[in-house]
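Protein chains: 2
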Amino acid sequence: METRQAEPSRNTILQAAYCEIHRKGFQAASIADILKDTGLTKGALYHHFPTKQALGLAVIEEVIGENLARLLFAPIRQSEKPFEALLYLIAHIDELAPPDFATLGCPLNNLMQEMSPLDPEFKSRLNGILRNWRDTVEWALLQGKGQGEVRPEVDCASAALFIVSAWEGCIGIAKNMQSVDSFRSCMMQLHDYVASLRISK
Amino acid sequence: METRQAEPSRNTILQAAYCEIHRKGFQAASIADILKDTGLTKGALYHHFPTKQALGLAVIEEVIGENLARLLFAPIRQSEKPFEALLYLIAHIDELAPPDFATLGCPLNNLMQEMSPLDPEFKSRLNGILRNWRDTVEWALLQGKGQGEVRPEVDCASAALFIVSAWEGCIGIAKNMQSVDSFRSCMMQLHDYVASLRISK
DNA sequence: ACTCATCCATACCGGTCGGTATATATTTGA
DNA sequence: TCAAATATATACCGACCGGTATGGATGAGT
Numbered sequence: 001m002e003t004r005q006a007e008p009s010r011n012t013i014l015q016a017a018y019c020e021i022h023r024k025g026f027q028a029a030s031i032a033d034i035l036k037d038t039g040l041t042k043g044a045l046y047h048h049f050p051t052k053q054a055l056g057l058a059v060i061e062e063v064i065g066e067n068l069a070r071l072l073f074a075p076i077r078q079s080e081k082p083f084e085a086l087l088y089l090i091a092h093i094d095e096l097a098p099p100d101f102a103t104l105g106c107p108l109n110n111l112m113q114e115m116s117p118l119d120p121e122f123k124s125r126l127n128g129i130l131r132n133w134r135d136t137v138e139w140a141l142l143q144g145k146g147q148g149e150v151r152p153e154v155d156c157a158s159a160a161l162f163i164v165s166a167w168e169g170c171i172g173i174a175k176n177m178q179s180v181d182s183f184r185s186c187m188m189q190l191h192d193y194v195a196s197l198r199i200s201k
Numbered sequence: 202m203e204t205r206q207a208e209p210s211r212n213t214i215l216q217a218a219y220c221e222i223h224r225k226g227f228q229a230a231s232i233a234d235i236l237k238d239t240g241l242t243k244g245a246l247y248h249h250f251p252t253k254q255a256l257g258l259a260v261i262e263e264v265i266g267e268n269l270a271r272l273l274f275a276p277i278r279q280s281e282k283p284f285e286a287l288l289y290l291i292a293h294i295d296e297l298a299p300p301d302f303a304t305l306g307c308p309l310n311n312l313m314q315e316m317s318p319l320d321p322e323f324k325s326r327l328n329g330i331l332r333n334w335r336d337t338v339e340w341a342l343l344q345g346k347g348q349g350e351v352r353p354e355v356d357c358a359s360a361a362l363f364i365v366s367a368w369e370g371c372i373g374i375a376k377n378m379q380s381v382d383s384f385r386s387c388m389m390q391l392h393d394y395v396a397s398l399r400i401s402k
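Just so you know, the protein sequences line up as chains A and B, in that order. For the first sequence, counting from 1, position 157 maps to 157 in the working numbering; every step adds exactly one. If you count the second sequence from 1, you need to add 201 to reach the working numbering.
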């Protein structure tokens with residue numbers, strides 16, 4: 001039996017760190033600012049996390065990874081028609097994703113751009129999530145192919161990587177243009193591309 | 202007649218700042234590190250640039266903007282067949298772009314992701330370059346349409362935005378996966394998408 | 001030759017950062 | 001009940017950061 005009194009505090013810090021990092025990036029995120037609205041202090045933080053890097057890695061795995069798994073991967077994996085589920089997600093992502101994605105971008109992509117070249121630990125964790133995403137999309141394409149929906153000559157691995165890349169690209173561009181309409185228009189083009197992989201009849 | 206003795210120093214600082222910012226991002230770029238290899242000191246820097254922000258904005262306009270104009274916009278604008286020029290650029294960008302783009306990403310996109318939500322000055326300058334890029338691509342598509350190469354029903358504005366978005370997305374993802382093969386594969390998919398806008402005969 | 005603006009080096013400042021040392025509640029286990 | 005482990009607060013530290021104040025060198029105009 002382990003003590004569980006600490007878990008609420010740990011989660012509070014984790015969530016606050018996630019928000020701060022999402023807003024400012026990891027390096028610009030200040031420990032003091034993270035704690036500011038939590039009612040906790042450095043004593044609590046450094047009890048649960050040995051260093052700022054460890055806190056960042058925990059945010060990646062326990063918040064960002066979990067969120068993406070729940071929002072994107074699970075709906076595809078659990079669908080009976082994964083390819084259709086993928087198309088649905090692309091078409092409706094602006095309603096399904098948290099609203100701050102539009103203004104602050106995708107937390108996964110933000111951290112990848114900032115930290116991957118600087119810290120190998122960050123890089124490997126972030127790449128793990130990215131690989132998971134790409135594999136899920138590839139799996140959806142392969143399932144679609146098996147179900148006779150996707151054209152047999154499609155290179156599912158390459159297409160999956162492109163879909164994820166373009167997806168992140170659309171989020172990033174929309175974040176800068178601060179325009180939901182641009183984002184929707186952009187994702188619509190991606191939707192058309194994915195739909196073009198379907199068998200035309 | 203104004204004194205021109207200062208121009209070499211200014212350019213040295215500008216170039217060093219560009220490299221440092223490309224490697225670490227703007228906020229993490231340290232003034233001291235920028236000067237370290239230049240043989241100059243803070244006195245020189247703060248003589249030519251009133252603040253770190255002004256230095257960053259100068260890097261954006263005078264280095265990043267110029268580089269992109271020379272590498273991407275000019276070849277399309279000056280081509281007699283802009284649509285073909287666009288396709289060529291997408292297919293050969295890995296040979297034409299500076300090699301550190303693969304490991305460090307696109308400087309424009311890096312700064313957009315980091316700074317646009319934080320600083321409206323950065324945002325407007327970066328968006329200016331982005332708009333220039335999108336307009337150039339859109340112009341290439343429109344020219345292609347006029348020359349009977351692009352299908353008439355294509356929405357050139359939306360397609361151009363998507364092309365730029367996907368382009369940046371491919372660079373970003375490749376930067377994290379640190380794989381030139383992935384980047385090429387990804388850009389190849391984008392190439393296929395753009396080629397699919399062509400009239401099929 | 002004198003003046004004055006340009007150009008740049010040096011030394012320094014206040015503030016913030018991540019991290020630590022220590023004391024203190026609180027809970028748990030025997 | 002009492003000791004030990006857990007959980008958190010507070011005060012503090014050295015490092016680094018962007019920015020400034022000052023003074024000296026250099027060159028142009030008169």
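C-beta: ideal position from N, C-alpha, C; glycine also.
Interface flag, residue i vs chain A, CB-CB below 9 Å
| i | result |
| --- | --- |
| residue 368(B) | yes |
| residue 284(B) | no |
| residue 202(B) | Unreliable positioning characterises residue 202(B) in this predicted model, as indicated by a pLDDT of 30, which lies under 50. The coordinate reading is nonetheless provided below. Chain A, which has no Cβ nearer than 9 Å to the Cβ of residue 202(B), makes this no. |
| residue 386(B) | yes |
| residue 314(B) | yes |
| residue 342(B) | no |
| residue 397(B) | yes |
| residue 289(B) | no |
| residue 253(B) | no |
| residue 218(B) | no |
| residue 304(B) | yes |
| residue 375(B) | yes |
| residue 324(B) | yes |
| residue 381(B) | no |
| residue 351(B) | no |
| residue 270(B) | no |
| residue 295(B) | no |
| residue 247(B) | no |
| residue 241(B) | no |
Nearest-angstrom beta carbon gap, residue j and residue i [assumed within contact, 8 Å]
| i | j | result |
| --- | --- | --- |
| residue 108(A) | residue 68(A) | 6 Å |
| residue 97(A) | residue 180(A) | About 11 Å; that fails the 8 Å criterion. |
| residue 344(B) | residue 276(B) | So it is not a contact: roughly 13 Å between Cβ atoms. |
| residue 261(B) | residue 326(B) | 5 Å |
| residue 362(B) | residue 335(B) | 6 Å |
| residue 370(B) | residue 169(A) | 2 Å |
Member of the options whose CA lies at the smallest distance from the CA of residue i
| i | options | result |
| --- | --- | --- |
| residue 12(A) | 45(A), 22(A) and 21(A) | 45(A) |
| residue 24(A) | 244(B), 319(B) and 375(B) | 319(B) |
| residue 438(B) | 394(B), 393(B), 385(B) and 391(B) | The first residue shown for chain B is 202 and the last is 402, placing residue 438(B) beyond what the model contains. |
| residue 347(B) | 375(B), 374(B) and 281(B) | 281(B) |
| residue 112(A) | 86(A), 56(A) and 151(A) | 56(A) |
| residue 253(B) | 239(B), 286(B), 305(B) and 233(B) | 233(B) |
| residue 178(A) | 123(A), 99(A), 29(A) and 27(A) | 99(A) |
| residue 66(A) | 171(A), 148(A), 193(A) and 14(A) | 14(A) |
| residue 223(B) | 315(B), 395(B) and 211(B) | 315(B) |
| residue 164(A) | 287(B), 383(B), 352(B) and 353(B) | 383(B) |
| residue 152(A) | 120(A), 7(A), 200(A) and 64(A) | 200(A) |
Alpha carbon of residue i to alpha carbon of residue j, nearest angstrom
| i | j | result |
| --- | --- | --- |
| residue 290(B) | residue 49(A) | 47 Å |
| residue 128(A) | residue 248(B) | 46 Å |
| residue 176(A) | residue 166(A) | 15 Å |
| residue 389(B) | residue 196(A) | 16 Å |
| residue 136(A) | residue 158(A) | 13 Å |
| residue 340(B) | residue 58(A) | 46 Å |
| residue 42(A) | residue 35(A) | 7 Å |
| residue 387(B) | residue 374(B) | 9 Å |
| residue 391(B) | residue 40(A) | 48 Å |
| residue 317(B) | residue 227(B) | 11 Å |
| residue 279(B) | residue 16(A) | 51 Å |
| residue 210(B) | residue 324(B) | 27 Å |
| residue 193(A) | residue 38(A) | 44 Å |
| residue 62(A) | residue 110(A) | 17 Å |
CB contact below 9 Å: residue i versus chain B
| i | result |
| --- | --- |
| residue 205(A) | One cannot answer for residue 205(A) here, as it falls past the ends of chain A, which runs 1 to 201. |
| residue 126(A) | yes |
| residue 8(A) | no |
| residue 25(A) | yes |
| residue 116(A) | yes |
| residue 28(A) | yes |
| residue 164(A) | yes |
| residue 72(A) | no |
| residue 78(A) | no |
| residue 159(A) | yes |
| residue 109(A) | yes |
| residue 147(A) | no |
Heavy atom of the ligand ADP within 8 Å of residue i beta-carbon
| i | result |
| --- | --- |
| residue 350(B) | With respect to the ligand ADP, the structure offers nothing, as it holds no ligand at all. |
**Study point:** Complete alpha helix (DSSP H) runs within the segment 107 to 133 of chain A (minimum length 4 residues, chain order)
**Key:** 107 to 115
Check your understanding: Where are the alpha helix (DSSP H) runs, 4 residues long or more, that stay fully inside the segment 340 to 402 of chain B, in chain order?
Key -> Within the segment 340 to 402 of chain B, the complete alpha helix (DSSP H) runs of at least 4 residues are 357 to 378 and 381 to 396.
Practice item. Please go through the segment 221 to 295 of chain B and give each complete alpha helix (DSSP H) segment of 4 or more residues, from N-terminal end onward. Key: Complete alpha helix (DSSP H) runs here, min 4: 232 to 237, 243 to 249, 253 to 259 and 275 to 278.
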